[in-house]
Each structure stands twice: as C-alpha cells, then as structure tokens.
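This report concerns only the one structure given below.
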C-alpha cells in the first residue's frame, strides 16, 4: 500500500474478486471506458470511504484503462497512478512500457517521459523505456541493404502456397524484399513456428530477408479497444495506427519504398486494411502493390482454410494448400490437437478431464495443458527433422525425448503427465513425417506402421522401470513392445472402430472404452494389480455394450475411489485420433 497525498492510497484490486471487478467496471464506465484483460490493476481509494477515485492497470508491457474522477483531474493524480504502475512493471522486469490512449491524453504521458510512436485520429501509441522501439528499429536497420526495397507483413498462420506466391511475386519487383512475421502469440501456430515456416518457405528466394516481428507491428489481436466508444471505429483506429507506425518507423529502418499485399476477397477487416493502405501510405512516400490471391480448384488459398481443415482432422487436404516446408508443422499441430482432444474429453473414468482430476491428486486440467504446451516445440523439432530422405537416428530421438521430458517436468512441477504420450506420439510424428515426405500417402498407415516398428526396433528396452517390471512379471506388452509391432492392434481394431463410427457424437468415449477393454494397461496394473486390471477390462467392455454418459460418470466415481487411472488407454486414444487425421480424405 502506497500513501497518496494525505487522504488517498493506491491499492491493488484483484479482478478475480467479484466485488472488485464490479467496482472497477462501474468506475470506468463513467469515463466511457471498458475493462480490458489485465495482469494487474490498481485503484486510488479514499482512506475513509474506500470509494474509488482513480484506477489503471497493465497487461504484459502495456498500461491500460487509466481513469480519474472528474474532481481530481489536474491534481497530478494520473501521473502518480501511472508512476505506480510503471514501478510495478519495472519490478517484473519490463524495461519498456507502452500505452494506447486517446489523443487528448498525450500531455499526461509525455510529462512522464513517454514518447509518441504512432498516431491516428482516435488512438495514440506512446512508449517509455531504454529498450523498445529503438531496439527493434536498430535490428531492422542492421538488415537493410541498398537498393529498391520492399516489405511484406504477414501472420502466416500457417505459411501457405498463397504466402509463398506473394513473396515470389514481390521479390521480382524489388532489389531486396523484407518479410516481417507478426510476433504476437495469438494464433494457432506460435510465433516461433510461424517464423520458422516463413524462413523455410522463402529460403529459395535469394533476395528475401525474413524478419522477426514485434509488438510495434500492431495486430487486431493486440490492439486494445477499451477507450473507443463505437465498435465500428475500433478496426479503423487500429489500421490507421499500424500504418502510421509502419510509415514513421518500420519502412524507414529498412529503406523500404513499397509495400506488397495480397487481395482479400473474404475478410472485411483485412479488405478495409488494404483500402486504407492504398489511401495513406502513398501520401507518406510508400507505394502499395496489391495483386490477386492465388487460387486452387476455383477457391482462394488462405491460411484460414488450412486451419479449418486441421480442425476437421484432415491433413491430406490441408497439405495441398501449403508448401512442403510447412507440412511438418501441420503434422506436429495435429499431434498437439489429438492430445488436447483426449484431455478435453469429459467425462472419462479415472482420468483428468474438464470436470475433475480423476484418480490423480497431483495433477489437474491446467497442469496437463501446461504439459502439452511444453512438449509442443519438441514435436515441431522432430517433425522437421523427420521430413526428409533419412530417418533421425534412434539415439538422436532419445536425446530429444530426454530434453522434452525435462521441460515437461519443469512445466508440471515434477509431475509425470505425458511421459507415455511423449514416447508414442513422438514416434508417430517421426514416422508420419518420413512417410509423407516420400509421397506415400495412398497407403500411409501401412507404411507408417512399418516405419514405427523399424525405429522402435533400434531402441533399447526399459531397465527397472515400473512398466518393465510389470511386463516381465505378467507377460504383457509395454509401450516399446507395442511400438515394435507397429501398433498392429491399434490399427486393426481401435483405428478401424474410430473411423467406422466417426459420425457418432460419442465416438471418442466409445473408442476409449474399447481400448480399455482390450489393452493390458501397465498404468492400471501398477496402481491396482493384475487381477483388478482384468476387471477393469471387463467393466469397460460392459460399459461399451450398454453405453451412456450417466454410466460413464458412475464408472469415473468408482475408479476414483479405487485409484484406477487408465493412462495407457488415454495415450492410445490420442494416437488413434492422430492417425485418423492422416487418412481422412473428405473436405
């Protein structure tokens, strides 16, 4: 708590507390502001009445939602509040502080050392700090080459044949072309994945330099609109501000005199952006060149179309819209999606889902999601490694697996959430990418199975692990033995069942039960013994035969009481979902 003048204090207002949130929302409404997403929010309150007199907060490196009661304007209250927020941000390691605000508030922020970065009729972007725009401008300037230079700004979510066509076309028109990849992680593919896709997809064009983006390339996802009253004005304010930053800062750093853009027949906001670009940039000495979007089968190629196909689990159709260099990332994201689909499946007997933690006291939905996200970069890494003529060596894959497991355990506080899935899904990604790279998609599952068996055959068995002990004692197959068969049982039974029943709204539940009824799950055996594990298989078979969600919820409660968690079956369900996306052919 910081003393403020004589009668006021600045206090943190945790917005997860309903009373606090309502107080802040009501206060901001008096200034025609809306509460935006926050990491931290502070209020200036009267010590006696605890009434709110001012407030403001921040998200990441951006100060937001500053408001002061009319009775205290001109008293320096705003400056005191902003200084408090900047101190909090600096303590968190934020060396550069930004603010989007109304043009009328420029004087307040400039008095605190903020500098204007970009302006529009309804919004201004200012910054304070030693690092920030100057650092990014210096980075861009270091890439600058003499000549007729052009720029493209793209999200590439993911990088498609349309993006590649735009780059190739633009590169022919200039001496040097700079492709800036939007940095914000608000997309299906992460900023690192998108940057890598663009670099790989442009590597054959010699006069292209791919640049990492920054928060100064303002996107609709990051532009805060809480201070703009009319919804219809929000998009235009973001567009105008972004174009001003481009003309004022980005283009000069690269010596760029032309900006290239593809036409946008489908998205209204992007079309408006293109129109504004044609109107504003030429006035600032930057030519705009727009050309028609690439078509395939009488349809425009778009990243959104690829994302829709991936959401539908249709890899083969999605691959037709992207260059080969993007394909490994599609495989990796489908693996991630399969793990998330299994996690989201609710209810599940004894397993973590969106409703409860199952038979686990050390993990929950959030921990499981953190685990999946921690493994994601390694899935992309092995996908790219495997998309070629040669398979990675088993020892190399094992080393990456060890690093991935360390990262997973760090993200989960030491909880083993996805060790089994890391092994099975990792093998699946490697085999899928290798087979696809060889163009063997007509018989992909058969080739995939052979490839998995080949890789697993080179891997040494476990030594003293729970799975190894159970396998030797009860003569059941462990994870490595299943992989050495090429997952024959999964392909012949579980995948066939899943594909045959894909129109059933409960196909995921029923496939899980089928797997549970047939798999000697070493997770279950370790927890409750071999005999009880056989009863679990019988119970799952009965539930599948007489399926109902109520029955599944009852099974979940009984499994929780008995400490039963069929984690091996969950891993096989994820793998089944992943494999189904490799063979799906419909649009």
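Numbering (the working numbering), first residue to last: -15 to 571.
Even glycine gets a Cβ: it sits at the ideal position worked out from N, Cα and C.
Beta-bridge pairing of residue i - partner residues as DSSP gives them
i: residue 544; result: Looking at the DSSP assignment, residue 544 forms no beta bridge with any residue, so it has no partner.
i: residue 102; result: 109
i: residue 51; result: 39
i: residue 161; result: 134 and 192
i: residue 274; result: 245
i: residue 167; result: Answer is none; residue 167 lacks a bridge partner.
i: residue 284; result: 279
i: residue 240; result: 133
i: residue 46; result: 43 and 82
Buried or exposed (CB count within 10 angstroms, at least 16 for buried), residue i
i: residue 367; result: buried
i: residue 219; result: buried
i: residue 522; result: exposed
i: residue 487; result: exposed
i: residue 13; result: exposed
i: residue 249; result: exposed
i: residue 26; result: buried
i: residue 211; result: Because residue 211 sits at a pLDDT of 47, beneath the cut-off of 50, its placement in the model cannot be relied upon, and the following sentence gives the value as read from the coordinates. Buried, since its Cβ has 16 or more Cβ neighbours within 10 Å.
i: residue 506; result: buried
i: residue -14; result: Confidence in residue -14 is poor, its pLDDT being 45 and thus under 50, which makes the residue's placement unreliable; the coordinate value appears in the next sentence. Residue -14 should be labelled exposed.
i: residue 458; result: exposed
i: residue 32; result: exposed
i: residue 268; result: exposed
i: residue 282; result: exposed
i: residue 572; result: Residue coverage of the chain in this structure runs from -15 to 571, which leaves residue 572 outside it and unanswerable.
i: residue 125; result: exposed
i: residue 76; result: exposed
i: residue 350; result: exposed
i: residue 115; result: exposed
i: residue 339; result: exposed
i: residue 106; result: buried
Residue i (DSSP reduced to helix, strand or coil)
i: residue 461; result: coil
i: residue 57; result: coil
i: residue 27; result: strand
i: residue 81; result: strand
i: residue 390; result: helix
i: residue 201; result: coil
i: residue 323; result: helix
i: residue 530; result: coil
i: residue 435; result: helix
i: residue 187; result: coil
i: residue 538; result: helix
i: residue 561; result: helix
i: residue 312; result: helix
i: residue 430; result: helix
i: residue 396; result: coil
i: residue 230; result: helix
i: residue 331; result: coil
Among the options, nearest to residue i - alpha-carbon criterion
i: residue 82; options: 160, 526, 47 and 53; result: 47
i: residue 491; options: 429, 443, 560 and 392; result: 560
i: residue 362; options: 319, 188, 60 and 0; result: 319
i: residue 23; options: 422, 44 and 444; result: 44
i: residue 499; options: 517, 510, 489 and 512; result: 517
i: residue 485; options: 413, 564 and 5; result: 564
i: residue 381; options: 98, 136, 439 and 551; result: 439
i: residue 374; options: 145, 422 and 341; result: 422
i: residue 554; options: 470, 337 and 170; result: 337
i: residue 432; options: 371, 443 and 412; result: 412
i: residue 550; options: 519, 566, 424 and 534; result: 519
i: residue 568; options: 176, 293 and 131; result: 293
i: residue 511; options: 547, 533, 489 and 10; result: 547
i: residue 15; options: 53, 2, 240 and 414; result: 53
i: residue 514; options: 453, 482 and 537; result: 453
Beta-carbon spacing of residue i, residue j below 8 Å
i: residue 494; j: residue 528; result: yes
i: residue 67; j: residue 113; result: no
i: residue 266; j: residue 247; result: no
i: residue 279; j: residue 285; result: yes
i: residue 197; j: residue 223; result: no
i: residue 103; j: residue 228; result: yes
i: residue 65; j: residue 40; result: yes
i: residue 558; j: residue 405; result: yes
i: residue 235; j: residue 121; result: no
i: residue 436; j: residue 467; result: yes
i: residue 145; j: residue 192; result: no
i: residue 322; j: residue 314; result: no
i: residue 556; j: residue 504; result: no
i: residue 295; j: residue 378; result: no
i: residue 501; j: residue 525; result: yes
i: residue 289; j: residue 134; result: no
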